[in-house]
Amino acid sequence: MAWRSRSPDRKEASTVAGESSSGLRWRRLGGGLARGARHALGAYARRPRTTVCREGLYYLLLAAFVFFGAVLGDVNLLMLLAGMLAGPAWLSWRLVTKTLRGVTVRRFLPRGVCAGDLLVVKMEVTNSRRRLGSWAVVVEDEVRREGDGRRGGVLRPSAFFSYVPARQTRERTYRGRLPQRGRYRFQVPTVSTRFPFGLFRRTIRAGTPDVLVVYPRLGRLTQQWLTRHREWFEGAHRREHRHGRVSGDFYGVRPWRNGDARRLIHWRSSARHGALVVRQFEQHRNRDLAVLLDLWQPASPRPEDRENVELAVSFAATVVADACRRGGSNLFVSTTAPGGESLHGPASVLLVNDVMEHLAVAEASDRDRLPELLQRVMAAVEPGTETVLVTTRAIDAGDARLMALTAESHRRAGSPPIRVVNTSDPRLSDYFQTEK
Amino acid sequence: MYADRLLQINMAAVACLATLFLGMGERSTALPLGMFVAAMLSVWITDFKGWFRLSKRMADVAAVVALAVCLPGALRLEKIAIISSVAHFIVCLQVIHLFREKDPAVYWHLLRFSILQVVVASLLSQEIAFGVLLVVYLFMALAAMGLLFFSSEWRRHHGRAVPPAEEARGRWPLAAQEAVFWSGPTGRVPLGREFFGRLFKIGTATLLVAILVFVSVPRFGRGAWRGFGGMARPTVGFSGRVRLGELGKVAQNPEEVMRVRLLEGSHGAVYRVSGGLYLRGAVLTEYRHGEWRPPAGTAGIGRGEWAASDPPIREAPVRQEIQLEPLDRDELFCVWPFTFVLPDRRIVYYPRAQRLTRLSGLRHDRFTYLLGTTAFWDHEQVTVVPNEEPVAVAPLLQMPAEEGRNPLPGLCALAAQWVAESGLPPADQYGRASTLERRLRGSNQFTYSLEGQDRDGSLDPVEDFITKHPRGHCEYFATALCLMLRSQGIPARVVIGFHTAEFNELGKFFQVRQLCAHSWVEAYLTPDQIPASVLRERPSWQWPQGAWIRLDATPSSEEMSPALSLLANIGGLFNQINFAWTNYVMEMDRPRQRDAIYHPVADALRKVFRAVTDPFWWQEVVAGVAHFLGLDRWLPSGGVGFSWFTLIAVLVACVLAIGIFKAAAIAYARWIVPLRSASGRRRGNALASVRFYRRFEKLLAKRGLARRLSETQREFALAASATIAGRTGSGQITRPALEVVEAFYRVRFGGATLDETQAQAVEHALGQVQEAVARRKQVKP
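Going down the list, the protein sequences come from chains R and C.
Letter by letter, the first sequence follows residues 0 to 435 in numbering that gives the first Met the number 0.
Letter by letter, the second sequence follows residues 0 to 780 in numbering that gives the first Met the number 0.
Encoded structure:
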């Protein structure tokens, strides 16, 4: 749609610039040809390919040597041997071609995984042929982290299916560990086989691309943090909303678990899902919390600077996850990451997912975006909200911007002051411990 | 581990087999035996136990030493020595690699070395055993390749251990870590029946491909490879002389000697002959002490340019196209009398000795020559043929004499007796000769035998044959008849050559084998002795020089051979196979390929094409099918003729049949297959998903604990745990039991699928339950 709306403008602009209509036609033709060439190249790259493996090359050379020896010398035994060598080569070619015919692949990714945690990816191969089974099928993924322009930054995990009988499906998993948070693109899987002798390789592309979000690594908040947090925000306004056992804001459904009351079952959703699901409610018992994340790093960051950024993100994610686990409050999360948006809502599993996804792709910058962040917070948070600023740098308590915000907060119904947590400070370990 | 062991043993066996080929070629048992010992040792001490493994450097040094040992042989600059040295070097390399630690590269080296050994061996060996073992080798090598591929592929994807996490060097624990992926744990390589079945199918298909390649790839050379120095076959049946009285069994060798194709007319149509062919090789006239010799004087008069000045037969000769295999003799064989159709400078004719030979340098190649013959009348080789040259009768009447006495009194007496009994006049030489032949062959007094006979050394062998030991082969019968004829004043000579009645319908030729070697007699008749019946039958033939009558006193094979034993039958079968191997595999060359494969296939295709394009053939087919189906009455009377209506009806029926078939296939694929697969999947999923829970219930049922209908699985698990805890005094079962039940709920009601970790956890919990249940069993008694 956007493209359609832009086209008249471009025509207009070019007419204005004085370009002739024939020139425009040529340009369009060139563009069309370029697009066609791109598509053709893409299709060419994705086409099923059969290649000769290294062992196959040696084998074929040996077979050719025997064959020509037999023909030139009229050695009949050699001719027989050449036939015996040609047989496996030809049959290998036929088999690798036929083995992948009718093979489909499905990939099952978890919704998300924390950085450094075990990632289990399930691959499912279905052989829809009637008779011939598929042997030694290798399904290879191509995984690339978005924004990672490094060479060799592509990972190629694979799953090996020793045998998929005709008209059957087999599942395999591969595991991995992704230490960097972010968004990872899984390209269309490459399916290949070299059965039966590894002389030829047939490669096709089957399945769909996918995206996996690797959340920030969660740590552990220490007792000292909890104590300090209580001290910081002691005496502040506390909301309690309890209206019975099933009162509170409805925020979603979840699968039924043992011990759940029958009246919590949401029958319509159960019918839709084909399994029992129950309604979930949240009750606000705790103070609202705003977590502000200041991801600043120098223009040429050192490893320590990067570590500070990761610590900051991880700490913020842990605080948010902790708050959502406890529930009973509203949560406001905002970062200085470029293009970053603010997230707010009742502390719940849904919110924590959103926040995690948001933090997963939050990038540090050398620009000082703290004022903008504070401005956004000023406008968004309600009075009485506990505000924690997680930053990667030391911020002077007398910082004018912070003072201004604090003053404003006080002006607004006596909100507690903003508390700053500097992740470059070695004392962070008193509050927060990352799991090794 | 199982696949590894299988691969190690298989590879050692392949190496042994390849060296066995080499041993066959070199006629050596030491080489295969040595390799067998080395292979067994390597499997045991290197692969199984790992006590001794050559490092790569040591292997390189050993290879250099092997090269130094084998190089002098190659420097002798003889083909056979070079080949042998190369072969030995390959064997050494193979032994070295057998003692190395095995990885896919080493295995591939072993395979390539073994193939190279077979290549070298195929230059040295020609036996049928080689072919049989080659098939065995094919299957073993394919199994080795398949195992190697599958095993290495499995290891490549499952052998990677879970990488340990890097130690954190800074404050951020993941700072030093790289993204990494790995596959599931290593397990047993899943080799099942399907895998080996697939390999077997590949092996069988490979054999077919090999046969196809073998027969279809055109041969371009002069002749098939027959080993180093050529392989002119020794003639075991035919020899240039006849010596009686030698002990020993006459070899019955089915090897091919030649093929004779008879052609007539300008287009070369096949001339069919009923009965057999007598192909003369040499003529023997002088008998002394049990030995026949050829006539003296063997000067050749021309090289294939000889022709009778006044041929007695004016009809166009039948052409005999003869393909002679490499033999260690120069004699050429043909149906006599012969004529040259074309001048052939490779052939020398000795008219006095009545011999036809080739140049001796041509012994080692297959020799094809073309001659004409006038010996056929009414598609039969006649027994009486005109003589073309003047005949010296005296040598043909010569009887052996020893110190002035007749050494063959018994033979002469028997001949005189038979002649007297016939009552034929002396002028009827033809009748007398025929009588002697008939009596000798059909009196049952003399028996044909290929076994060597004990003879009385004091007597002439033929006299012993007539008087004391009436058993012998064709040479005895021919000698006896020839000397009997001479004793009765009929000039005669012994002819040796081949007699065959084996006509190959496929190639339209007479097959002559070594075992067809034969001896017979020719008696000379003056013009006035030629019977009137012969003159009447062939009025166009001229007999100015008299005639030769062919006499064969040897009993026919039906009469001569005793009942064959089973062993003999097996031996005969083996001979046939060996013959086929030699003729159609080892010596397949361009002409033979053309005659045995290309031409028959082309003829068959041509016939098929002619048939399918012939409306009469289709009429016959339709009529036959209609008759078979009992639809004769529906057909028009007077047979099936071409009709547009019939044609359209047949076409419509075909289209309808194809449409019905396609519709059924689509319906099957669209409705039945999904239904079946869906129900199967549902059933399979339900069964698979709760199988572990069924095991759990079974375990508890063994202890008499069964779930009541009113109980949920969780309640049952808790109650059963409590019961078992009460009996054993241990509450450890509660947790695993609940784990199993939770997993059951997730799968059965939540539709979830257990991943590998969860499945392992359930297995572990089930194991704990089983242990707890077993513990009770131990305590209670």
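Where a beta carbon is used, it is the ideal one built from N, C-alpha and C, also for glycine.
Q. C653(C) lies in the alpha helix (DSSP H); which residues open and close that run?
A. On the second sequence, residue 653(C) is found 654 positions in, with the first residue counted as 1. Here the alpha helix (DSSP H) through C653(C) covers 643-666.
Q. If you follow the alpha helix (DSSP H) that W417(C) is part of, which residue opens it and which one closes it?
A. If you number the second sequence from 1, residue 417(C) lands on position 418. Counting along the chain, the alpha helix (DSSP H) containing W417(C) begins and ends at 408-421.
(Q) Using a 10 Å radius around the Cβ and a threshold of 16 neighbouring Cβ atoms, would you call R857(C) buried or exposed? (A) As shown, chain C starts at 0 and ends at 780. That puts residue 857(C) outside it, with no answer to give.
(Q) Just to confirm the assignment, what range does the beta strand (DSSP E) spanning I548(C) have? (A) Here residue 548(C) is taken as the residue at index 549 of the second sequence, counted from 1. Note, I548(C): beta strand (DSSP E), 546-550.
Q. Would A393(R) pass as a contact of S423(R) if the rule is Cβ separation under 8 Å?
A. The residue labelled residue 393(R) in the question sits at position 394 within the first sequence. The residue labelled residue 423(R) in the question sits at position 424 within the first sequence. Their beta carbons are under 8 Å apart, which means A393(R) touches S423(R) by this criterion.
Q | Strand pairing of M122(R), partner residues [DSSP] | A | Here the question's residue 122(R) lines up with position 123 in the first sequence. Its beta-bridge partners are R106(R), R171(R).
(Q) Going by beta-carbon coordinates alone, are T192(R) and S133(R) separated by less than 8 Å? (A) In the first sequence, counting from the first residue as 1, residue 192(R) sits at position 193. In the first sequence, counting from the first residue as 1, residue 133(R) sits at position 134. Result yes, Cβ atoms of T192(R) and S133(R) sit closer than 8 Å.
Q.
According to DSSP, V179(C) sits in a beta bridge with which residue or residues?
A. As a working note, residue 179(C) is residue 180 in the second sequence. Paired residues: R176(R).
Q: Could you tell me whether any Cβ in chain C is nearer than 8 Å to the Cβ of P441(R)?
A: No answer is possible for residue 441(R): the residues shown for chain R start at 0 and end at 435.
Q.
Please give me, in chain order, every unbroken run of the alpha helix (DSSP H) with length at least 4 that falls completely inside the segment 30-109 of chain C.
A. 55-73, 78-97
Q.
Measuring straight from C-alpha to C-alpha, what distance separates T553(C) and A479(C)?
A. One-based indexing of the second sequence puts residue 553(C) at position 554. One-based indexing of the second sequence puts residue 479(C) at position 480. Taking the straight line joining both Cα atoms gives about 10 Å.
Q | Minimum C-alpha distance to S313(R) - residue among L217(R), N421(R), A336(R) | A | Here residue 313(R) is taken as the residue at index 314 of the first sequence, counted from 1. Looking at the Cα atoms, L217(R) is the closest of the given residues.
Q) Taking Cβ-Cβ distances shorter than 7 Å, what residues in chain C pair up with D293(R)? A) Residue numbering aside, residue 293(R) sits at position 294 when the first sequence is read from its first letter. Within 7 Å Cβ-Cβ: nothing; D293(R) doesn't reach chain C, min ~17 Å.
Q) Given V188(C), which residues of its chain have a CB within under 6 Å of its CB, disregarding the five upstream and five downstream residues? A) On the second sequence, position 189 is the one that residue 188(C) refers to. Excluding positions up to five away in sequence, the list reads A2, S150, W153.
Q) Out of L283(C), A546(C), L435(C), which has the shortest C-alpha to C-alpha gap to Q416(C)? A) Position 417 of the second sequence, counting from 1, holds the residue named residue 416(C). Ranking L283(C), A546(C), L435(C) by Cα distance to Q416(C) puts L435(C) first.
Q. Just the Cα atoms here: how many angstroms apart are L190(C) and A67(C)?
A. Counted from its first residue, the second sequence places residue 190(C) at position 191. Counted from its first residue, the second sequence places residue 67(C) at position 68. When rounded, the distance between both Cα atoms is 43 Å.
Q.
Just verifying my parser: in three-state terms, what is the DSSP assignment at V212(R)?
A. Mapped onto the first sequence, residue 212(R) falls at position 213. Three-state DSSP puts V212(R) in a strand.
Q: Confirm the yes/no value for this check: CB of A36(R), any heavy atom of the ligand SAH, distance under 7 Å.
A: The ligand SAH is not part of this structure, which contains no ligands at all.
Q: Mark V740(C) as exposed unless 16 or more other C-beta atoms lie within 10 angstroms of its C-beta, in which case mark it buried.
A: Residue mapping note: residue 740(C) aligns to position 741 of the second sequence, counting from 1. So V740(C) counts as buried.
(Q) What would DSSP say about M23(C), mapped onto helix, strand or coil? (A) As a first step, residue 23(C) is located in the second sequence; it is residue number 24 there, counting from the start. It is helical.
(Q) Check for me: the beta strand (DSSP E) holding V317(C) runs from which residue to which? (A) Along the second sequence, one-based indexing puts residue 317(C) at 318. Note, V317(C): beta strand (DSSP E), 317-323.
Q) Can you list the residues of chain R that V794(C) reaches, using a CB-CB cut of under 7 Å? A) Examination of residue 794(C) is not possible in this model, given that chain C is present from 0 through 780 alone.
Q) Smallest Cα separation from M585(C): which of P337(R), D73(R), R368(R)? A) Walking along the second sequence from the start, residue 585(C) turns up at place 586. If we check each option's Cα against that of M585(C), D73(R) comes out closest.
Q. The segment 249-282 of chain R: which residues have C-beta closer than 9 Å to a C-beta of chain C, in chain order?
A. P254, W255, R256, N257, H272, G273, A274, L275
Q: Could you tell me which of L177(R), F159(R), F196(R), G175(R) sits nearest to R169(R), measuring between CA atoms?
A: As a working note, residue 169(R) is residue 170 in the first sequence. Per the Cα distances, F159(R).
Q: Sort out for me which residues DSSP pairs W295(R) with in a bridge.
A: For the purposes of this step, residue 295(R) is identified with residue 296 of the first sequence, where counting begins at 1. DSSP, once it has assigned bridges, lists S364(R) as partnering W295(R).
(Q) At the level of alpha carbons, what is the spacing between V36(C) and V42(C)? (A) As a first step, residue 36(C) must be located in the second sequence, where it is residue number 37. As a first step, residue 42(C) must be located in the second sequence, where it is residue number 43. Taking the straight line from one Cα to the other gives about 10 Å.
Q) With C-beta atoms as the reference, is T499(C) less than 8 Å away from C515(C)? A) Here residue 499(C) is taken as the residue at index 500 of the second sequence, counted from 1. Here residue 515(C) is taken as the residue at index 516 of the second sequence, counted from 1. Yes.
Q) Can you name, in chain order, every residue of its own chain whose Cβ lies under 7 Å from the Cβ of S560(C), other than the five neighbours on each side? A) Looking up residue 560(C) in the second sequence gives position 561. Reliability of the predicted coordinates at S560(C) is poor, the pLDDT of 49 falling under 50, and the value obtained from them is presented with this limitation in mind. Excluding residues within five positions, none has a Cβ falling inside 7 Å.
Q. Measuring CB to CB, does I127(C) end up less than 8 Å from N577(C)?
A. Along the second sequence, read from residue 1 onward, the residue named residue 127(C) stands at position 128. Along the second sequence, read from residue 1 onward, the residue named residue 577(C) stands at position 578. Yes; because the gap between Cβ atoms is below 8 Å, this pair is in contact.
Q. Any idea what DSSP makes of R184(R), helix, strand or coil?
A. Your numbering for residue 184(R) matches position 185 in the first sequence. Three-state DSSP puts R184(R) in a strand.
**Q.** Cβ shell of R218(C) (< 6 Å), same chain only, five flanking positions each side left out
**A.** Residue mapping note: residue 218(C) aligns to position 219 of the second sequence, counting from 1. Only D588, R589, Q592 meet the Cβ criterion.
(Q) Classify M83(R): buried if its beta carbon has 16 or more other beta carbons within 10 angstroms, exposed otherwise. (A) Here residue 83(R) refers to the residue found at position 84 when the first sequence is read from its first residue. Result: buried.
Q. For F337(C), which residues from the same chain have a beta carbon less than 6 Å from its beta carbon, with the 5 sequence-adjacent residues on both sides left out?
A. Residue mapping note: residue 337(C) aligns to position 338 of the second sequence, counting from 1. Same-chain partners within the cutoff: L370, T372.
Q) Which same chain residues, not among the five before or five after R253(R), have their C-beta less than 7 Å away from its C-beta? A) Taking the first sequence and counting its residues from 1, one reaches residue 253(R) at position 254. The residues are V276, V277, Q279.
Q | F129(C) versus G22(C): straight-line alpha-carbon distance, rounded | A | Taking the first residue of the second sequence as position 1, residue 129(C) is located at position 130. Taking the first residue of the second sequence as position 1, residue 22(C) is located at position 23. Those two C-alpha atoms are separated by around 11 Å.
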